[in-house]
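Visitor: This is the structure, below, for whatever I ask next.
In my numbering, the protein residues as written are 2 to 328.
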């Protein structure tokens with residue numbers, strides 16, 4: 002990991018020392034897609050941005066999965082402990098897999114088995130989460146000066162709300178030194194954010210998601226737009242490929258080829274997003290009723306590096322995930 006970070010060149014030596022001194026960092030995420038037995042959780046890639054440069058040295062999902070243990074917990078677990086103070090058991094996390102990364106647009110997709118999600122552990126038993134995890138709906142229309150609300154999960158503060166106003170769309174390259182090489186337009190909002198809030202959804206007054214948190218400074222925060230998010234979800238929310246039982250080349254994901262099923266992008270489990278830009282843009286407004294921010298769509302992720310003293314840098318909002326170094 003140290004060698005990869007040095008080759009990426011996106012952090013100074015002092016910054017890397019501070020990052021590698023921590024055993025884990027956390028972010029927020031949101032439910033973005035469900036497919037059979039799997040739930041897909043959208044968050045930001047900058048939790049590992051010390052390991053890549055978006056243009057010169059992008060990182061792929063296989064490398065992240067090799068270097069880190071990724072774990073998630075849903076908001077229901079924290080809510081149960083809060084509502085029922087006499088509830089027994091311990092906080093527990095569920096293993097997840099990185100199945101897509103777009104370094105240029107600071108996006109990461111996690112995949113977790115729906116039947117494996119647990120709300121707590123009692124002895125050697127894991128109590129399964131049986132609640133719904135609704136997929137959030139996005140809206141890319143500009144709403145300058147309109148109200149908005151960020152829902153996120155900073156460390157030790159689940160279900161944190163911040164309200165403000167939507168501002169202009171700004172190109173990232175003109176807003177900062179951008180040492181990681183991101184290339185995207187962001188929605189700026191007059192709203193505060195905190196470490197661990199990255200990946201959290203920004204809602205408008207109607208309950209539509211206007212973007213997910215990329216970062217912030219002072220009273221302003223910047224959000225990744227649906228026009229970048231929706232193609233990323235379409236191309237990366239794919240189930241794992243079953244092991245091949247013949248010597249013939251593996252077939253593409255479901256719906257590919259000449260069949261009549263829905264067509265999807267190539268399997269991105271082992272490839273970085275930036276090398277495969279979407280061929281077309283999806284509509285920014287999905288059909289159907291919007292899901293409220295305070296529903297069960299939020300997750301907390303924790304990433305812990307696998308090597309001794311290894312850490313990942315980032316913040317987030319929504320679900321929480323944890324990256325641990327692999328021993």
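From the three backbone atoms N, C-alpha and C, an ideal C-beta is built for every residue, glycine too. Every value quoted in this text rests on a predicted model; they were computed, and no experiment measured them.
1) Taking only the alpha-carbon atoms, compute the straight-line gap between residue 14 and residue 182 and give it to the nearest angstrom.
2) Examine chain C for any beta-carbon lying closer than 7 Å to the beta-carbon of residue 219, and answer yes or no.
3) What number of angstroms, rounded off, separates the C-alpha of residue 18 from the C-alpha of residue 9?
4) With H, G and I counted as helix, E and B as strand and the rest as coil, what does DSSP make of residue 202?
5) Got a sec, what are the start and stop residues for the alpha helix (DSSP H) residue 26 sits in?
6) In three-state DSSP terms, what is residue 151?
7) With a threshold of 8 Å, are at least 3 pairs of Cβ atoms found where one atom belongs to the region 33-48 and the other to the region 197-215?
8) Where DSSP assigns a beta bridge to residue 144, which residues make up the other side?
9) Can you check whether the CB of residue 93 is closer than 7 Å to the CB of residue 115?
10) With distances taken from CA atoms, which of 2, 195, 205, 209 is nearest residue 156?
11) Which complete beta strand (DSSP E) runs does the region 177-201 hold, if anything under 3 residues is left out?
12) Apart from the five residues on each side of it in sequence, which residues of its chain come closer than 7 Å, Cβ to Cβ, to residue 225?
13) Please work out which residues of its chain come closer than 6 Å, Cβ to Cβ, to residue 16, disregarding the five sequence neighbours upstream and downstream, and give them in chain order.
14) Leaving out five residues before and five after residue 120 in sequence, what residues of the same chain have Cβ atoms less than 7 Å from its Cβ?
Guide: Per the coordinate set shown:
1) In the chain shown, residue 14 corresponds to position 13, counting from 1. In the chain shown, residue 182 corresponds to position 181, counting from 1. The C-alpha of residue 182 is placed about 18 Å away from the C-alpha of residue 14.
2) No chain C is present in this structure, which holds just one protein chain.
3) What you label residue 18 is simply residue 17 of the chain shown in a count that begins at 1. What you label residue 9 is simply residue 8 of the chain shown in a count that begins at 1. Rounded to the nearest angstrom, the two C-alpha atoms are 15 Å apart.
4) As a working note, residue 202 is residue 201 in the chain shown. DSSP places residue 202 in strand when its eight states are reduced to three.
5) Along the chain shown, read from residue 1 onward, the residue named residue 26 stands at position 25. Per DSSP, residue 26 belongs to no alpha helix (DSSP H); it is in the beta strand (DSSP E), 25-36.
6) Within the chain shown, numbered from 1, the residue matching residue 151 stands at position 150. Strand, per DSSP.
7) Of all C-beta pairs linking the region 33-48 to the region 197-215, three or more are shorter than 8 Å, placing the two stretches in contact.
8) Along the chain shown, read from residue 1 onward, the residue named residue 144 stands at position 143. Looking at the DSSP assignment, residue 144 forms no beta bridge with any residue, so it has no partner.
9) By 1-based counting over the chain shown, the position of residue 115 is 114. By 1-based counting over the chain shown, the position of residue 93 is 92. Not closer than 7 Å, so no.
10) Sequence index remark: in the chain shown, residue 156 carries index 155 (1-based). Residue 195 holds the alpha-carbon nearest to the alpha-carbon of residue 156 among 2, 195, 205, 209.
11) Those beta strand (DSSP E) runs which fall completely within the region 177-201 and span 3+ residues are 186-191.
12) Here the question's residue 225 lines up with position 224 in the chain shown. Same-chain partners within the cutoff: 106, 107, 108, 185, 187, 212, 213, 215.
13) Start at 1 with the first residue of the chain shown, and residue 16 comes out as number 15. Excluding positions up to five away in sequence, the list is empty.
14) Working through the chain shown from its first residue, we reach residue 120 at position 119. Once the five neighbours on either side are set aside, the close Cβ partners of residue 120 are 77, 78, 81, 128, 130.
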